[in-house]
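Protein chains in written order, with my numbering: chain A, 53 to 470; chain B, 38 to 182. For every residue, glycine included, the Cβ atom is placed at its ideal position computed from N, Cα and C. See structure below.
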Amino acid sequence: MNTLDRAVIAAGFDVERVRADFPVLNQTIHGKPLVYLDNAATAQKPRAVIDAIVKFYEVDCANIHRGVHELSQRSTAAYEETRAKVRRFLNARHKQEIIFVRGTTEGINLVTQTWGRTHLKQGDEIIIAGLEHHSNIVPWQFVCEETGARLRVIPIDERGELILEEYEKLLGPHTRMVAIGHVSNALGTINPVARIIRMAHAAGALTLVDGAQAVPHMPVDLQALDADFYAFSGHKLYGPTGIGVLYGKTELLDAMPPYQGGGDMIRTVTFEKTTYNDLPYKFEAGTPDIAGGIGLGAAVDYVTRLGIDKIGAYEHELLLYATEALEQIPGLRIIGTAREKAAVLSFVMEGIHPHDIGTVLDHQGIAVRTGHHCAQPVMDRYHIPATTRASLAFYNTAAEIDALVAGLYKVKEVFGDD
Amino acid sequence: MIDDLYQETILDHSKRPRNHHTLAGANRKAEGYNPLCGDKLKLYLKMEGDIVSDAAFEGSGCAISTASASLMTESLKGKTREEAMKLVDKFHDLLTTDTPASRDLGKLVVFCGVRDYPARVKCATLAWHTLKSALHGSEETVTTE
Ligand SMILES: Cc1ncc(COP(=O)(O)O)c(C=O)c1O
Chain A
53 MNTLDRAVIA AGFDVERVRA DFPVLNQTIH GKPLVYLDNA ATAQKPRAVI
103 DAIVKFYEVD CANIHRGVHE LSQRSTAAYE ETRAKVRRFL NARHKQEIIF
153 VRGTTEGINL VTQTWGRTHL KQGDEIIIAG LEHHSNIVPW QFVCEETGAR
203 LRVIPIDERG ELILEEYEKL LGPHTRMVAI GHVSNALGTI NPVARIIRMA
253 HAAGALTLVD GAQAVPHMPV DLQALDADFY AFSGHKLYGP TGIGVLYGKT
303 ELLDAMPPYQ GGGDMIRTVT FEKTTYNDLP YKFEAGTPDI AGGIGLGAAV
353 DYVTRLGIDK IGAYEHELLL YATEALEQIP GLRIIGTARE KAAVLSFVME
403 GIHPHDIGTV LDHQGIAVRT GHHCAQPVMD RYHIPATTRA SLAFYNTAAE
453 IDALVAGLYK VKEVFGDD
Chain B
38 MIDDLYQETI LDHSKRPRNH HTLAGANRKA EGYNPLCGDK LKLYLKMEGD
88 IVSDAAFEGS GCAISTASAS LMTESLKGKT REEAMKLVDK FHDLLTTDTP
138 ASRDLGKLVV FCGVRDYPAR VKCATLAWHT LKSALHGSEE TVTTE
């Protein structure tokens with residue numbers, strides 16, 4: 053038995069049983085068993101999530117918040133139940149602070165377009181980090197352009213960790229917002245967000261956390277973190293695409309103008325004046341992704357049942373195993389070696405382009421992501437155009453890491469010097 | 038099979054690209070960029086009247102895009118502007134349609150395997166997009182998007 057198996061058994065995590073919950077994993081690609089290592093892009097869905105969506109369409113389908121009829125009451129109850137589940141899962145104070153959006157991207161845009169446009173002015177500063185996903189860069193650039201505010205960036209060091217001394221220097225009387233990724237999708241770095249938030253608050257600034265890569269892999273306690281806004285995507289949490297959450301503190305959300313206008317977000321409408329609905333509905337105009345919301349509830353249940361602590365512990369063991377295995381491959385360099393890391397392995401291979409690596413691995417049934425991972429500034433920092441990225445989930449196994457290593461030797465065989 | 042994509046000639050040209058340098062006396066230049074993979078390519082042409090008398094490129098990318106640029110520069114030499122433009126279309130057809138490969142493509146037929154890899158078509162066409170803009174005399178960066 054190798055050390056990983058031992059650690060796994062110690063953690064009480066039965067990966068083979070868990071794998072059986074994910075129908076998509078049970079297939080071959082180009083004649084080889086699928087090895088899915090692109091979980092940071094989107095995670096696979098357990099049967100429970102798929103069943104919840106099917107049940108909604110087969111049994112309970114109706115619009116929400118509108119009808120007095122039975123189906124509408126059922127669908128409304130199921131959809132709203134997800135709000136309660138998410139509140140509990142992330143320990144938010146109030147249910148009304150959980151706003152349904154399409155995903156992390158829309159959550160951040162909601163904040164920049166409502167809070168940003170009404171609170172920022174010439175001379176104000178927004179701080180982000182050099183690790184951000186484009187979705188936590190571009191929306192801020194839009195609002196900076198509109199308001200005259202300025203974007204400042206915390207640099208990262210060679211390991212891919214934020215340089216906190218530089219952050220401290222950037223903080224000042226002009227800082228209005230610190231918008232920071234919790235976990236980097238490109239490198240896996242886990243940022244010390246609790247500390248970053250405390251420092252921001254001490255400087256009188258608000259905080260937004262992009263939790264897209266954190267919520268699926270580690271416990272998140274919103275009250276303990278004290279983040280003012282926090283966004284994540286359902287599809288990376290083993291839930292459906294098209295649904296995500298923006299959390300915001302009640303007093304901030306109350307003071308913000310609505311995001312979009314339409315049905316559900318109003319209390320009264322006349323042609324002279326419209327009054328807005330209460331939280332969270334003020335920010336939820338129009339018919340939402342009801343099936344997605346219900347599926348997200350099933351995903352939260354599933355992850356809760358497995359235990360997010362156990363998931364994190366297992367994935368960490370897998371990360372250590374994979375890191376050691378990849379480091380043995382001559383000519384391979386791991387990009388991003390932060391001391392606190394989620395189970396993401398970004399790497400380059402001498403003389404071989406990531407696209408070619410990705411194609412050859414695909415032929416071995418192995419799905420990885422290649423490219424800049426929507427984080428071009430990170431690639432620029434390392435002076436590389438792209439990396440190959442294996443991002444792990446709790447249904448991955450040590451044997452799959454071995455398959456990845458074998459696949460990479462095949463890559464060397466095809467492209468090696470001869 | 039993976040060998041259908043990475044044929045011997047492609048591997049050879051990706052490992053030892055021909056005409057991979059700047060070009061003294063070039064009078065047409067263009068830059069190409071594939072935002073998907075971050076690959077950048079600079080293409081140099083030396084036109085004598087209507088004839089491409091020499092071609093070279095700089096930049097590095099994946100095996101498919103490097104081999105494509107290398108083989109393209111080889112096949113351009115001595116072609117008229119119009120012949121070169123026609124070759125662009127024929128190469129594009131080779132990658133995106135089922136029509137039998139044109140005989141004018143010569144060695145370039147080794148890229149026929151790319152057809153089965155839609156995600157890689159842009160790698161193979163980057164040099165050719167760039168060629169088009171060089172022949173049109175516009176100097177701005179073209180992208181594959
Ligand atoms: C760190 C991070 N932030 C934001 C996003 C954007 O998420 P979505 O595309 O679901 O809106 C992603 C997803 O790729 C991500 O990894």
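DSSP state of residue i mapped onto helix, strand, coil
| i | result |
| --- | --- |
| valine 297 (chain A) | strand |
| tyrosine 434 (chain A) | coil |
| valine 70 (chain A) | helix |
| leucine 384 (chain A) | strand |
| serine 105 (chain B) | helix |
| asparagine 78 (chain A) | coil |
| methionine 53 (chain A) | The pLDDT assigned to methionine 53 (chain A) is 47, lower than 50, so where the model puts this residue is not dependable, and the model offers no usable value. |
| arginine 391 (chain A) | coil |
| threonine 211 (chain A) | Residue identity check: residue 211 (chain A) is arginine in the sequence provided, not threonine. Coil at arginine 211 (chain A), not helix or strand. |
| arginine 152 (chain B) | helix |
| lysine 325 (chain A) | coil |
| threonine 110 (chain B) | helix |
| threonine 94 (chain A) | coil |
| aspartate 76 (chain B) | strand |
| histidine 57 (chain B) | strand |
| lysine 173 (chain A) | coil |
| tyrosine 290 (chain A) | coil |
| isoleucine 116 (chain A) | coil |
| tyrosine 354 (chain A) | helix |
| isoleucine 453 (chain A) | helix |
| tyrosine 43 (chain B) | coil |
| leucine 145 (chain A) | Correcting the residue type first, residue 145 (chain A) is arginine in the shown sequence and not leucine. In this structure, arginine 145 (chain A) counts as coil in the three-state DSSP scheme. |
| valine 235 (chain A) | strand |
| glycine 83 (chain A) | coil |
| proline 107 (chain A) | Reading the sequence as shown, one finds lysine at residue 107 (chain A) and not proline. Reduced to three states, the DSSP call for lysine 107 (chain A) is helix. |
| glutamate 132 (chain A) | helix |
Neighbouring residues, chain A, relative to residue i (Cβ below 8 Å)
| i | result |
| --- | --- |
| tyrosine 70 (chain B) | Those within 8 Å of tyrosine 70 (chain B) in chain A number zero; the least Cβ separation is about 10 Å. |
| isoleucine 39 (chain B) | Thr411, Val412, His415 and Val466 |
| leucine 42 (chain B) | Thr411 |
| arginine 157 (chain B) | His407 and Thr411 |
| tyrosine 154 (chain B) | Thr411 |
Paired residues, beta bridge with residue i - DSSP
| i | result |
| --- | --- |
| isoleucine 179 (chain A) | A:Arg204 and A:Val230 |
| phenylalanine 281 (chain A) | A:Leu260 and A:Gly300 |
| methionine 122 (chain B) | Note: methionine 122 (chain B) sits in no beta bridge, so no partner. |
| tyrosine 88 (chain A) | A:Ala419 |
| leucine 397 (chain A) | A:Ala442 |
| alanine 164 (chain B) | Paired residue(s): none; alanine 164 (chain B) is not in a bridge. |
| isoleucine 189 (chain A) | None; isoleucine 189 (chain A) has no bridge partner. |
| alanine 458 (chain A) | Its beta-bridge partners do not exist; DSSP assigns none. |
| lysine 464 (chain A) | Bridge partners of lysine 464 (chain A): none, in fact. |
| aspartate 365 (chain A) | In the sequence under discussion, the amino acid at residue 365 (chain A) is alanine, which differs from the aspartate named in the question. Answer is none; alanine 365 (chain A) lacks a bridge partner. |
| tyrosine 81 (chain B) | B:Lys66 and B:Ala93 |
Proximal chain B residues relative to residue i, where beta-carbon distance stays under 7 Å
| i | result |
| --- | --- |
| methionine 431 (chain A) | Gly75 |
| proline 437 (chain A) | Cys74, Gly75 and Asp76 |
Under 9 Å from the C-beta of residue i: neighbouring residues of chain A
| i | result |
| --- | --- |
| cysteine 149 (chain B) | Under the 9 Å cutoff, chain A gives no residues; its nearest Cβ is about 16 Å from cysteine 149 (chain B). |
Amino acids of chain B, ordered along the chain, whose beta-carbon sits closer than 9 Å to that of residue i
| i | result |
| --- | --- |
| glycine 423 (chain A) | Leu73, Cys74 and Gly75 |
Residue i Cβ short of 6 Å to ligand 3 heavy atom set
| i | result |
| --- | --- |
| glycine 233 (chain A) | This structure simply doesn't include ligand 3; it includes ligand 1 instead. |
Quiz item: Can you list, in chain order, the residues of the region 93-110 of chain B whose Cβ is nearer than 9 Å to any Cβ on chain A?
Solution: Going along the region 93-110 of chain B in chain order, one finds Ser97, Gly98, Cys99, Ala100, Ile101, Ser102 and Thr103 with a Cβ nearer than 9 Å to chain A.
Exercise. Count the CB pairs spanning the region 218-232 of chain A and the region 380-392 of chain A that are closer than 8 Å, and state whether there are at least three.
Key: No, the region 218-232 of chain A is not in contact with the region 380-392 of chain A.
Quiz item: Quick check: the region 428-440 of chain A against the region 347-361 of chain A, are there 3 or more CB pairs under 8 Å?
Solution: Using a C-beta cut-off of 8 Å, the region 428-440 of chain A makes no contact with the region 347-361 of chain A, since fewer than three inter-stretch Cβ pairs fall below that distance.
Quiz item: Any contact of the region 256-272 of chain A with the region 281-289 of chain A, i.e. 3+ C-beta pairs under 8 Å?
Solution: Verdict: yes, contact present.
Quiz item: Are at least three pairs of beta-carbons, each pair with one atom in the region 87-100 of chain A and one in the region 447-456 of chain A, less than 8 Å apart?
Solution: Segments in contact, yes.
Exercise. Pair every Cβ in the region 73-82 of chain B with every Cβ in the region 91-109 of chain B, then say whether three or more of these pairs are closer than 8 Å.
Key: Under the 8 Å Cβ criterion, the region 73-82 of chain B counts as touching the region 91-109 of chain B, having at least three qualifying pairs.
Exercise. Count the CB pairs spanning the region 96-115 of chain B and the region 153-162 of chain B that are closer than 8 Å, and state whether there are at least three.
Key: Touching, yes.
Quiz item: Okay, do the region 308-318 of chain A and the region 159-168 of chain A touch, 3+ Cβ pairs below 8 Å being the bar?
Solution: Contact holds: three or more Cβ-Cβ distances are below 8 Å.
Exercise. Count the CB pairs spanning the region 52-64 of chain B and the region 104-115 of chain B that are closer than 8 Å, and state whether there are at least three.
Key: Cβ pair count under 8 Å is three or more, so yes.
Quiz item: Does the region 146-161 of chain A touch the region 175-190 of chain A, meaning 3 or more C-beta pairs lie closer than 8 Å?
Solution: The region 146-161 of chain A and the region 175-190 of chain A touch, with three or more beta-carbon pairs separated by less than 8 Å.
Quiz item: Do the region 133-144 of chain A and the region 338-354 of chain A touch if we need at least three Cβ pairs shorter than 8 Å?
Solution: The answer is yes - the region 338-354 of chain A touches the region 133-144 of chain A, with three or more Cβ pairs under 8 Å.
Quiz prompt | Given 8 Å, three or more beta-carbon pairs between the region 101-110 of chain A and the region 295-306 of chain A | solution = Here the region 101-110 of chain A does not lie against the region 295-306 of chain A, with fewer than 3 beta-carbon pairs under 8 Å apart.
Quiz item: Would the region 418-425 of chain A and the region 272-279 of chain A be scored as touching if the rule is three or more Cβ pairs under 8 Å?
Solution: They do not touch, by the three-pair rule.
Self-check item: Cβ contact check for the region 138-149 of chain B and the region 106-119 of chain B: 3 or more pairs under 8 Å
Solution: Contact between the region 138-149 of chain B and the region 106-119 of chain B is present: three or more C-beta pairs spanning the two stretches fall below 8 Å.
Self-check item: Sufficient close CB pairs (3 or more, under 8 Å) joining the region 120-128 of chain B to the region 161-169 of chain B
Solution: Between the region 120-128 of chain B and the region 161-169 of chain B, the count of C-beta pairs closer than 8 Å reaches three or more; the two stretches touch.
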